[in-house]
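Take a look at the structure below.
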Amino acid sequence: MDYLSLGLGILIGCFLGGIAVFAFLGRKSGGDENLELVRLQTQLEAQEKHAAEMRERMNEAFAKISQETVDQNSKNFLQLAETKFAPFKEMLQKTQLSVQDLETKRVKAYTELESATKQIIEETTKLETALRRPDHRGRWGEVGLRNVVEFAGMADKCDFDEQVVTTGEQSLRPDMVINMPGGGHLVVDSKLPLEHYLNAIEEPEKAGEHLDKHAKALEIHVNSLANKAYWEQFDRAPSFVVMFVNVESALVSALERSPDLHSKALSKKVLLTSPATLVALLQAAAFGWRQDSMAKNAEEIAKAGQELYDRLAKFQTHLAKVGSRLQQATESYNNAVGSFTSRLEPGAKRLSELHSTGGKELPVTEPVDVEPRSIE
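With this note's numbering, you'll find the sequence shown wraps up at 457, consecutive numbering, no jumps.
Rendered as structure tokens:
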């Protein structure tokens, strides 16, 4: 726009200058030449001022048009952009809301996980502390044993008894006595040393040393159970005692360090069991209980069936007597009807006809043709 205004100014200036020069050359030389020159100079200055004003107005007009064009184009672009990108804006807002929701849930889940982890650590510490005390460790083993037998399907105070005290030369108190079908008993002991096993977990660099001591401690406990000879304190008990190791990995670790521990225990009439193997053993016992219960139920059903049959036979005898009496009563009734029809009824009708009393007619009395059915 500046170049256009400059070009117009130059053209106008040249045009006015040419007119002035032409007028100046066409006039006579003389005294009034200076006045004419001044007049032309004044006109030239006026024209130049007018051209400058026109140039300024044109610049303002072009600037205004340019600004309006830019504003309109910007407005159209913004409207077009708003129309085209509206779906993307909506999707972005939904995505932002989803991200915020996920972040809220993540923070909540992380907080809950942190709390649960802290609680697990605290409970593990408490459990570890408790397992290092013989009295707590024994109680923990008893609770674990009870959970296993209940999982195996054995009812409380029916299929097993806890803390049974034996009577004899030495008073013994096994942790549990499983009542077997037929009056047998299976003794289970759940007390076991775990101190060295826990030390192996706390000190991985010395795990081998601690696990060797752990296997030795289990062997010592096997010898202790063998010396108690629980099977001699109960009638019809198998000649072995079950040694329950509540921690599966503790038994596995001991067997890894001492592979012949199982055979040594069996030779001393001690059966090493973990939760998995004890469940299988107890389920076999529970199955025996169910079979024994089914056999007893079958005997009761047979007795009840025989009793029902005897009562039915007696009832049938009484019912046959009732039928015989009904048949006799029917025959007597029919005889009475026949006598009434042949002897009494004709005389009564004759008497009614002679006296013409107009009384009620005698009802018709029919014999009974239905006979009682006999029981075959």
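Virtual Cβ for every residue (Gly too), placed ideally from N, Cα, C.
Each of Glu137, Trp312 and Met324 was checked against the Cα of Ile301, and the nearest Cα belongs to Met324.
Taking every protein chain shown into account, the CB of Asp341 has fewer than 16 other CB atoms within 10 angstroms, so this residue is exposed. Residue pairing by DSSP places Thr198 in no beta bridge whatsoever. A contact between stretches requires three or more CB pairs, one per stretch, nearer than 8 angstroms, and the stretch 324-334 meets this requirement with the stretch 270-281.
Per the Cβ contact rule, the stretch 328-343 is in contact with the stretch 296-316 (3 or more Cβ pairs under 8 angstroms). DSSP places Asp152 within a helical segment (H, G or I) once states are collapsed to three.
The three-state reading of DSSP puts Phe421 in helix, counting H, G and I together. When secondary structure is reduced to three states using DSSP, Phe325 falls in the strand class. Here the stretch 343-350 makes no contact with the stretch 374-390; the two share fewer than three CB pairs at distances below 8 angstroms. For Leu292, the enclosing alpha helix (DSSP H) starts and ends at Ala288 to Lys309. Distance from the CA atom of Leu352 to the CA atom of His343, rounded to whole angstroms, is 8 angstroms. Assignment of Leu253 by DSSP, reduced to helix, strand and coil, places it in the coil class. Per DSSP, the continuous beta strand (DSSP E) segment holding Leu352 begins and ends at Val351 to Thr354. In the three-state scheme derived from DSSP, where H, G and I count as helix and E and B as strand, Asp391 is classed as helix.
With fewer than 16 other CB atoms across the displayed protein chains lying within 10 angstroms of its CB, Met172 is exposed. Excluding residues up to 5 positions away in sequence, His277, Asn280 and Ala281 lie with their Cβ nearer than 6 angstroms to the Cβ of His291 in the same chain. Taking a C-beta distance under 9 angstroms as the contact criterion, Glu329 and Ala288 do not qualify as a contact pair.
Close CB contacts of Ser320 within its chain, under the 8 angstroms cut and outside five residues either way in sequence, are with Trp312 and Lys350 (chain order). Cβ contact annotation for Val303 (same chain, cutoff 8 angstroms, sequence separation greater than five): Met324, Leu342, Lys345, Ala346, Lys349, Val351 and Leu353, in chain order. Using a Cβ distance threshold of 9 angstroms, Leu332 and Ser355 count as a contacting pair. Sorting Arg187, Glu134, Glu426 and Phe315 by C-alpha distance to the C-alpha of Arg254 places Phe315 at the top.
Per DSSP, Leu267 lies in no alpha helix (DSSP H) segment; the continuous beta strand (DSSP E) that holds it begins and ends at His266 to Asp270. Contact between Leu363 and Ile201 does not hold, since their C-beta atoms are separated by about 29 angstroms, which reaches or exceeds 8 angstroms.
Between the alpha carbons of Ser420 and Leu435 lies a distance of about 23 angstroms.
Cβ neighbours of Ala190 within its own chain (closer than 8 angstroms, five residues either side excluded): none. DSSP places Leu347 inside the alpha helix (DSSP H), whose first and last residues are Leu342 to Ser348. Here the alpha carbons of Ala310 and Glu380 stand approximately 37 angstroms from one another. Counting C-beta atoms within 10 angstroms of its own C-beta, Leu400 has fewer than 16 neighbours from the protein chains shown and is therefore classed as exposed. Taking C-beta atoms as the reference points, Val418 and Glu447 count as a pair closer than 9 angstroms.
Pairing Ser179 with Leu194, the inter-Cα distance amounts to about 22 angstroms. Around the beta carbon of Asp256, a 10 Å sphere encloses 16 or more other beta carbons of the protein chains shown; the residue is thus reported as buried. Put simply, the backbone Cα of Glu134 is about 44 angstroms away from that of Thr164. Just measuring C-alpha positions, the residue of Gln153, Pro285, Val268 and Glu286 sitting nearest Ala307 is Val268.
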